[in-house]
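Colleague:
4 protein chains.
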Amino acid sequence: MAELDAANLMKQAVGKAAADRVKSNTIVGLGTGSTTAYALEFIGDRLKKGELENVVGIPTSFQAEVLARKYGIPLTTLDVVDRIDIAIDGADEVDPQKNLIKGGGAAHTREKIVDALAETFLVVVDSGKLVDKLGSTFLLPVEVIPMALTPVMRALAKLGGKPELRMGIKKAGPIVTDQGNLVIDVKFDAIADPAELEKTINNLPGVLENGLFVGVADVILVGEIIDGQPTVREF
Amino acid sequence: MAELDAANLMKQAVGKAAADRVKSNTIVGLGTGSTTAYALEFIGDRLKKGELENVVGIPTSFQAEVLARKYGIPLTTLDVVDRIDIAIDGADEVDPQKNLIKGGGAAHTREKIVDALAETFLVVVDSGKLVDKLGSTFLLPVEVIPMALTPVMRALAKLGGKPELRMGIKKAGPIVTDQGNLVIDVKFDAIADPAELEKTINNLPGVLENGLFVGVADVILVGEIIDGQPTVREF
Amino acid sequence: MAELDAANLMKQAVGKAAADRVKSNTIVGLGTGSTTAYALEFIGDRLKKGELENVVGIPTSFQAEVLARKYGIPLTTLDVVDRIDIAIDGADEVDPQKNLIKGGGAAHTREKIVDALAETFLVVVDSGKLVDKLGSTFLLPVEVIPMALTPVMRALAKLGGKPELRMGIKKAGPIVTDQGNLVIDVKFDAIADPAELEKTINNLPGVLENGLFVGVADVILVGEIIDGQPTVREF
Amino acid sequence: MAELDAANLMKQAVGKAAADRVKSNTIVGLGTGSTTAYALEFIGDRLKKGELENVVGIPTSFQAEVLARKYGIPLTTLDVVDRIDIAIDGADEVDPQKNLIKGGGAAHTREKIVDALAETFLVVVDSGKLVDKLGSTFLLPVEVIPMALTPVMRALAKLGGKPELRMGIKKAGPIVTDQGNLVIDVKFDAIADPAELEKTINNLPGVLENGLFVGVADVILVGEIIDGQPTVREF
Numbered sequence: 420m421a422e423l424d425a426a427n428l429m430k431q432a433v434g435k436a437a438a439d440r441v442k443s444n445t446i447v448g449l450g451t452g453s454t455t456a457y458a459l460e461f462i463g464d465r466l467k468k469g470e471l472e473n474v475v476g477i478p479t480s481f482q483a484e485v486l487a488r489k490y491g492i493p494l495t496t497l498d499v500v501d502r503i504d505i506a507i508d509g510a511d512e513v514d515p516q517k518n519l520i521k522g523g524g525a526a527h528t529r530e531k532i533v534d535a536l537a538e539t540f541l542v543v544v545d546s547g548k549l550v551d552k553l554g555s556t557f558l559l560p561v562e563v564i565p566m567a568l569t570p571v572m573r574a575l576a577k578l579g580g581k582p583e584l585r586m587g588i589k590k591a592g593p594i595v596t597d598q599g600n601l602v603i604d605v606k607f608d609a610i611a612d613p614a615e616l617e618k619t620i621n622n623l624p625g626v627l628e629n630g631l632f633v634g635v636a637d638v639i640l641v642g643e644i645i646d647g648q649p650t651v652r653e654f
Numbered sequence: 420m421a422e423l424d425a426a427n428l429m430k431q432a433v434g435k436a437a438a439d440r441v442k443s444n445t446i447v448g449l450g451t452g453s454t455t456a457y458a459l460e461f462i463g464d465r466l467k468k469g470e471l472e473n474v475v476g477i478p479t480s481f482q483a484e485v486l487a488r489k490y491g492i493p494l495t496t497l498d499v500v501d502r503i504d505i506a507i508d509g510a511d512e513v514d515p516q517k518n519l520i521k522g523g524g525a526a527h528t529r530e531k532i533v534d535a536l537a538e539t540f541l542v543v544v545d546s547g548k549l550v551d552k553l554g555s556t557f558l559l560p561v562e563v564i565p566m567a568l569t570p571v572m573r574a575l576a577k578l579g580g581k582p583e584l585r586m587g588i589k590k591a592g593p594i595v596t597d598q599g600n601l602v603i604d605v606k607f608d609a610i611a612d613p614a615e616l617e618k619t620i621n622n623l624p625g626v627l628e629n630g631l632f633v634g635v636a637d638v639i640l641v642g643e644i645i646d647g648q649p650t651v652r653e654f
Numbered sequence: 420m421a422e423l424d425a426a427n428l429m430k431q432a433v434g435k436a437a438a439d440r441v442k443s444n445t446i447v448g449l450g451t452g453s454t455t456a457y458a459l460e461f462i463g464d465r466l467k468k469g470e471l472e473n474v475v476g477i478p479t480s481f482q483a484e485v486l487a488r489k490y491g492i493p494l495t496t497l498d499v500v501d502r503i504d505i506a507i508d509g510a511d512e513v514d515p516q517k518n519l520i521k522g523g524g525a526a527h528t529r530e531k532i533v534d535a536l537a538e539t540f541l542v543v544v545d546s547g548k549l550v551d552k553l554g555s556t557f558l559l560p561v562e563v564i565p566m567a568l569t570p571v572m573r574a575l576a577k578l579g580g581k582p583e584l585r586m587g588i589k590k591a592g593p594i595v596t597d598q599g600n601l602v603i604d605v606k607f608d609a610i611a612d613p614a615e616l617e618k619t620i621n622n623l624p625g626v627l628e629n630g631l632f633v634g635v636a637d638v639i640l641v642g643e644i645i646d647g648q649p650t651v652r653e654f
Numbered sequence: 420m421a422e423l424d425a426a427n428l429m430k431q432a433v434g435k436a437a438a439d440r441v442k443s444n445t446i447v448g449l450g451t452g453s454t455t456a457y458a459l460e461f462i463g464d465r466l467k468k469g470e471l472e473n474v475v476g477i478p479t480s481f482q483a484e485v486l487a488r489k490y491g492i493p494l495t496t497l498d499v500v501d502r503i504d505i506a507i508d509g510a511d512e513v514d515p516q517k518n519l520i521k522g523g524g525a526a527h528t529r530e531k532i533v534d535a536l537a538e539t540f541l542v543v544v545d546s547g548k549l550v551d552k553l554g555s556t557f558l559l560p561v562e563v564i565p566m567a568l569t570p571v572m573r574a575l576a577k578l579g580g581k582p583e584l585r586m587g588i589k590k591a592g593p594i595v596t597d598q599g600n601l602v603i604d605v606k607f608d609a610i611a612d613p614a615e616l617e618k619t620i621n622n623l624p625g626v627l628e629n630g631l632f633v634g635v636a637d638v639i640l641v642g643e644i645i646d647g648q649p650t651v652r653e654f
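Chains as they are written, first to last, in the numbering used here: chain A, 420 to 654; chain B, 420 to 654; chain C, 420 to 654; chain D, 420 to 654.
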């Protein structure tokens, strides 16, 4: 890494702080995104130096899988473990109660499966992701099976959202998730009760998972640039 | 239909009673199963005789689609209609509050999408499907994405169920649904609060849909054999 | 359409020429892409004016389906027709023998299913798509099931190609097709025998379909700008 | 294994003979089916006894994965190996040239991906699977994406076959494969040129893979009962 701009230096600092929380003899959920990518790199460094031993990763996405191989983190699957000790993953919005919106990369279903199983779910973000109310700046992603697209969009509008289908780039038609489904991005002006909305949307027939992660995150590591220097604080 | 045994005569009677409820100029959800198959046949008969006009069907399954074509019922999709007037479908268990367990044919996700949209959801069953408590005689089917199989089975066991993966016949390994997912059949001794359990299971990460249909059914047509004669009653 | 630049005027002219070839009482395969989109618009116009009657479309993609509904072209499916009279679709490369490379939009599997069934397959392109040898300017897209990604990439390299996985935008990890598969884009310096390469790649275990369309196209409509004017010629 | 009938004793003998061919420090493709299941059990035994070391398996199916875990065979994936040394798998028909029909369990796509990569592909069958001409006793399975079902069935009929859609048991509608596709079973009276037919069918738009394995098998282990005793011969 020759030169990094301030934003990347900050992501790197947060990733390093997260990697420092990983202990030997643990199973680690490996998240998706650019800050998490730094965390994976630093976990790999610590394994190489012998600072860490016997760490096994469970990837939340194809990206995490590729990076884990690159950085020498052994992988396993949910079928052979009975717990996840810590998961490290990013978020698109974080509210003061540590509730999240995720799904900008359309990977939130697999992420929620892994993150929700972790004893400790460590979220890595920059300060721009902190919001007072979820839904203020980011659309809520909802994964839906293709057949249910139209009725689910109508149901989401009835819940007060402005839904739109996420369209593909370098692919005609809509984005398709790793499960073969579509993603509806929903504008809510502000989400009053995230716990209730999460359950209500997941109960819509044809919805697989939505991007609300309520009561899942345990620790938030926030990167900021203060006086031109990258800093990391926890809340 | 040359000769039919008593059970089939009863299914036929229920199917006919359901077909008689369909009106002209309506959009009809077409369910799955042997009793519903008779309903589709009788709807086709009424269209041919001119008793019914301008009826369009929305199939819940491949089976319904094939039968609709066979019996001359024009088809459309959820993307082009703004309502469903009536849906006709079977069930594996029906409780006194008209709550259902469905999913013996692994088609409950598509069925719930269609049935839940219908202005009137008409359930056609024989009297053997009536139970005091859901879960008494039938396992609860839960559709889950493959990656989440093991954690969802553990979560279902924590909810008090005895889960087992539904295995295939004429297919190595498990049954795969029309969406590419797996089915876990869960034994609950009796389901105390179906509405709560439906939401709780749908909120498990990786679960697409479960076989509980709570507050969806409007009319139940029940076939019985009384004094050797097929009869149909409504509740 | 208020103002159109020269490129769009040319696409519009080609789309119009294609729409003019459609006859009443036919089943029409509806392709994907910006030039084809104009063809669909003009077919819709001709239906509205009454110039055309009883035209039914079979979409090759989600995009075609949405546009057909917008322009009032009734749709059907491959399960209910016994032929396709004409298909209109774009291409990424066209050689002098009317062989094509398609798949820039990752829709080539569904496009080949429809286009190959058509009595007449009409290709609409601008002159920039004409090449002497396939593979000169465009990568060859190969759709592969996820499990076979690595061995298929190796097999394609052995065939002389430089394969790379097509990555997603607005989606973490790779592009996923409408069938839930991945796309490998392969650089071949020039494809000596397209017919043989098409079969060889389709015979690789795990490959669903590749972007070579050999012996499928019947008519090529080519748009060009000559003296600042959009023109259309056939070859 | 308390008591086994003659057929199972024979399968067990063939499975043991196959397991005896596995060497230390190899990557082994793990097939599907009842005879292969015995091979996996005996590989596990040899690993436990220390007769074999450093054997890693690549499963062809969910069944193989579950059995490998049960018998203590470590697993890996195609993404992290650069070769497969030996694959052990069953077959539904074997001709004198060691060409096969597979796919009775709808797993032939994943099986072909693994088996075709193996340095040595070892087929385990009982003598009832030996035929003079492929297609004599077993239908040829063809995996097809749902959208292409009808045109592919027509194309198969034009090739001289009698195609039928494989229907599900404990699942309404057709069998769905692990890739989310359908299976067409095709009756050919006898297949004159398996190599040509394999390529021709794989080149049909919408076909993923068919059950013909031509030039893939290296060694056939055949179980027979002679004078009431299970015997194994190689050809």
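The beta-carbon is built from N, C-alpha and C at its ideal position, and this holds for glycine as well.
Model, not experiment: these values are computed from the prediction.
Would you report the Cα separation of C:Asp508 and C:Val543, rounded to the nearest angstrom?
Modeller: Position 89 of the third sequence, counted from the start, is the residue given in the question as residue 508 of chain C. Position 124 of the third sequence, counted from the start, is the residue given in the question as residue 543 of chain C. In a straight line, the C-alpha of C:Asp508 is about 6 Å away from that of C:Val543.
Colleague: Buried or exposed, going by whether 16 or more other CB atoms sit within 10 Å of the CB of B:Asp511?
Modeller: Residue mapping note: residue 511 of chain B aligns to position 92 of the second sequence, counting from 1. Classification of B:Asp511: buried, given that the 10 Å Cβ count is 16 or more.
Colleague: According to the Cβ coordinates, are D:Val533 and D:Gly463 closer than 7 Å?
Modeller: Here residue 533 of chain D is taken as the residue at index 114 of the fourth sequence, counted from 1. Here residue 463 of chain D is taken as the residue at index 44 of the fourth sequence, counted from 1. Cβ distance not < 7 Å, so D:Val533 and D:Gly463 don't count as in contact.
Colleague: Going along the chain, which residues of its own chain have a beta-carbon closer than 6 Å to the beta-carbon of B:Val500, five neighbours each way excluded?
Modeller: Numbered from 1 along the second sequence, position 81 holds the residue referred to as residue 500 of chain B. For B:Val500, where only same-chain residues beyond five positions count, the Cβ hits under 6 Å are Ile446.
Colleague: Counting only beta-carbon separations shorter than 7 Å, does C:Gly599 have a partner in chain D?
Modeller: In the third sequence, the residue the question calls residue 599 of chain C occupies position 180. Output row for C:Gly599: interface = yes.
Colleague: Grab the span of the beta strand (DSSP E) containing D:Lys521 for me, first residue to last.
Modeller: By 1-based counting over the fourth sequence, the position of residue 521 of chain D is 102. Segment: none, D:Lys521 is in no beta strand (DSSP E) and carries neither H nor E.
Colleague: Going along chain C, which residues have a C-beta under 8 Å from D:Arg529?
Modeller: Taking the fourth sequence and counting its residues from 1, one reaches residue 529 of chain D at position 110. Simply Met566.
Colleague: Would you say B:Leu601 and B:Leu568 are within 7 Å of each other, going by their C-beta atoms?
Modeller: Numbered from its first residue, the second sequence carries residue 601 of chain B at position 182. Numbered from its first residue, the second sequence carries residue 568 of chain B at position 149. Yes, the Cβ-Cβ distance between B:Leu601 and B:Leu568 is below 7 Å.
Colleague: Kindly say whether A:Lys521, judged by its beta-carbon, lies nearer than 7 Å to any beta-carbon of chain B.
Modeller: Counting from one through the first sequence, the residue named residue 521 of chain A turns up at place 102. False, the Cβ-Cβ gap to chain B never drops below 7 Å.
Colleague: Cα-Cα, which of D:Lys430, D:Val641 and D:Thr455 is closest to B:Ala591?
Modeller: The residue given as residue 591 of chain B occupies position 172 in the second sequence. Closest option to B:Ala591, Cα to Cα, is D:Thr455.
Colleague: Taking its Cβ as the centre, do 16 or more other Cβ atoms sit within 10 Å of D:Ala537, making it buried, or is it exposed?
Modeller: For the purposes of this step, residue 537 of chain D is taken as residue 118 along the fourth sequence, with counting starting at 1. That one is buried.
Colleague: Within its chain, find whatever has a CB closer than 6 Å to the CB of A:Thr528; leave out the 5 residues flanking it on each side and keep chain order.
Modeller: Looking up residue 528 of chain A in the first sequence gives position 109. Once the five neighbours on either side are set aside, the close Cβ partners of A:Thr528 are Glu562, Leu627 and Glu628.
Colleague: Just confirm the distance between the C-beta atoms of A:Val638 and A:Thr539, as a whole number of angstroms; I'd bet it's less than 8 Å.
Modeller: The residue labelled residue 638 of chain A in the question sits at position 219 within the first sequence. The residue labelled residue 539 of chain A in the question sits at position 120 within the first sequence. Right, the Cβ-Cβ distance comes to about 6 Å (below 8 Å), so this counts as a contact.
Colleague: For the alpha helix (DSSP H) that contains A:Leu680, what are its first and last residues?
Modeller: Residue 680 of chain A is absent from the model: chain A starts at 420 and stops at 654.
Colleague: Cβ of C:Asp508 less than 7 Å from any chain D Cβ?
Modeller: The sequence position of residue 508 of chain C within the third sequence is 89, counting from 1. Taking Cβ atoms only, chain D never reaches closer than 7 Å to C:Asp508, which makes this a no.
Colleague: Between B:Glu460, B:Ser443 and B:Gly469, which has its C-alpha nearest B:Val475's C-alpha?
Modeller: Within the second sequence, residue 475 of chain B is the residue found at index 56, counting from 1. Per the Cα distances, B:Ser443.
Colleague: Report all residues from its chain with a CB closer than 7 Å to the CB of D:Leu549; omit the five preceding and five following residues, and keep chain order.
Modeller: Locating residue 549 of chain D in the fourth sequence gives position 130, where the first residue counts as 1. Val513 and Val641, listed in sequence order.
Colleague: Would you list, in sequence order, the uninterrupted beta strand (DSSP E) runs of no fewer than 3 residues that lie entirely inside the region 469-524 of chain D?
Modeller: Within the region 469-524 of chain D, the complete beta strand (DSSP E) runs of at least 3 residues are 474-478 and 503-508.
Colleague: Do you know how far the Cα of C:Ala506 is from the Cα of B:Gly554?
Modeller: Within the second sequence, numbered from 1, the residue matching residue 554 of chain B stands at position 135. Within the third sequence, numbered from 1, the residue matching residue 506 of chain C stands at position 87. Taking the straight line joining both Cα atoms gives about 52 Å.
Colleague: Are the CB atoms of B:Lys521 and B:Phe632 within a distance shorter than 7 Å?
Modeller: Within the second sequence, the letter at position 213 stands for residue 632 of chain B. Within the second sequence, the letter at position 102 stands for residue 521 of chain B. Yes, these two residues count as a Cβ contact at 7 Å.
Colleague: Assign A:Gly647 to buried or exposed, taking buried as 16 or more other Cβ atoms, counted over all protein chains shown, within 10 Å of its Cβ.
Modeller: Here residue 647 of chain A refers to the residue found at position 228 when the first sequence is read from its first residue. Its Cβ having fewer than 16 others within 10 Å, A:Gly647 is exposed.
Colleague: Using a Cβ-Cβ cutoff of less than 7 Å, which residues in the same chain neighbour B:Met572 once the five nearest sequence positions on both sides are dropped?
Modeller: Working through the second sequence from its first residue, we reach residue 572 of chain B at position 153. For B:Met572, where only same-chain residues beyond five positions count, the Cβ hits under 7 Å are Pro582 and Ile603.
Colleague: For the alpha helix (DSSP H) holding B:Ala537, just list the boundary residues, first then last.
Modeller: If you number the second sequence from 1, residue 537 of chain B lands on position 118. Counting along the chain, B:Ala537 falls outside any alpha helix (DSSP H), though it belongs to the beta strand (DSSP E) covering Ala537 to Asp545.
Colleague: Rounded to the nearest angstrom, what separates D:Glu460 and D:Lys517 at their Cα positions?
Modeller: Mapped onto the fourth sequence, residue 460 of chain D falls at position 41. Mapped onto the fourth sequence, residue 517 of chain D falls at position 98. Going by the C-alpha atoms only, they are around 25 Å apart.
Colleague: Any beta-carbon of chain A closer than 7 Å to the one on C:Thr451?
Modeller: To locate residue 451 of chain C, count along the third sequence from 1; it is residue 32. Closer than 7 Å to some Cβ of chain A, the Cβ of C:Thr451 qualifies, so yes.
Colleague: With DSSP run on the structure shown, which of helix, strand or coil describes C:Ile565?
Modeller: Here residue 565 of chain C refers to the residue found at position 146 of the third sequence. Sequence inspection shows Pro at residue 565 of chain C; the Ile mentioned does not correspond to that position. Reduced to three states, the DSSP call for C:Pro565 is helix.
Colleague: Among the residues of its own chain, which have a CB less than 7 Å from the CB of D:Val441, if the five just before and after it don't count?
Modeller: On the fourth sequence, residue 441 of chain D is found 22 positions in, with the first residue counted as 1. Here the set comprises Val447, Ile462, Leu471, Val474 and Ile505.
Colleague: Suppose you measure from the CA of A:Ile588 to the CA of C:Arg585; what does that come to, to the nearest Å?
Modeller: In the first sequence, residue 588 of chain A corresponds to position 169, counting from 1. In the third sequence, residue 585 of chain C corresponds to position 166, counting from 1. One C-alpha to the other measures close to 11 Å.
Colleague: How big is the Cα-Cα spacing for D:Lys430 and A:Ala437?
Modeller: Position 11 of the fourth sequence, counting from 1, holds the residue named residue 430 of chain D. Position 18 of the first sequence, counting from 1, holds the residue named residue 437 of chain A. Approximately 53 Å between the Cα atoms of the pair.
Colleague: Using a Cβ cut-off of 7 Å (strictly closer), state whether C:Ile532 contacts chain A.
Modeller: Translated into the one-based positions of the third sequence, residue 532 of chain C becomes position 113. Not an interface residue.
Colleague: Shorter than 7 Å from the beta carbon of B:Val595 to some beta carbon of chain D?
Modeller: Reading the second sequence from its first residue, position 176 is the one you call residue 595 of chain B. At least one chain D Cβ lies under 7 Å of B:Val595.
Colleague: Considering only the beta carbon of each residue, do C:Ala525 and C:Ile594 sit closer than 7 Å?
Modeller: As a first step, residue 525 of chain C must be located in the third sequence, where it is residue number 106. As a first step, residue 594 of chain C must be located in the third sequence, where it is residue number 175. Closer than 7 Å, so yes.
Colleague: Hey, does C:Val475 have any beta-carbon neighbour from chain D nearer than 7 Å?
Modeller: Sequence index remark: in the third sequence, residue 475 of chain C carries index 56 (1-based). So no, C:Val475 is outside the interface.
Colleague: Output, in chain order, the set of chain C residues within a Cβ distance shorter than 9 Å of A:Lys589.
Modeller: Numbered from its first residue, the first sequence carries residue 589 of chain A at position 170. In chain order: Gly523, Gly524, Ala525, Arg585, Met586, Gly587, Ile588, Ile594 and Val602.
Colleague: Any Cβ of chain B within less than 7 Å of the Cβ of A:Asn622?
Modeller: Position 203 of the first sequence, counted from the first residue, corresponds to residue 622 of chain A. A:Asn622 counts as touching chain B.
Colleague: Who are the neighbours of A:Arg488 on chain D, taking C-beta pairs under 9 Å?
Modeller: Within the first sequence, the letter at position 69 stands for residue 488 of chain A. The contacting residues are Asp498 and Val499.
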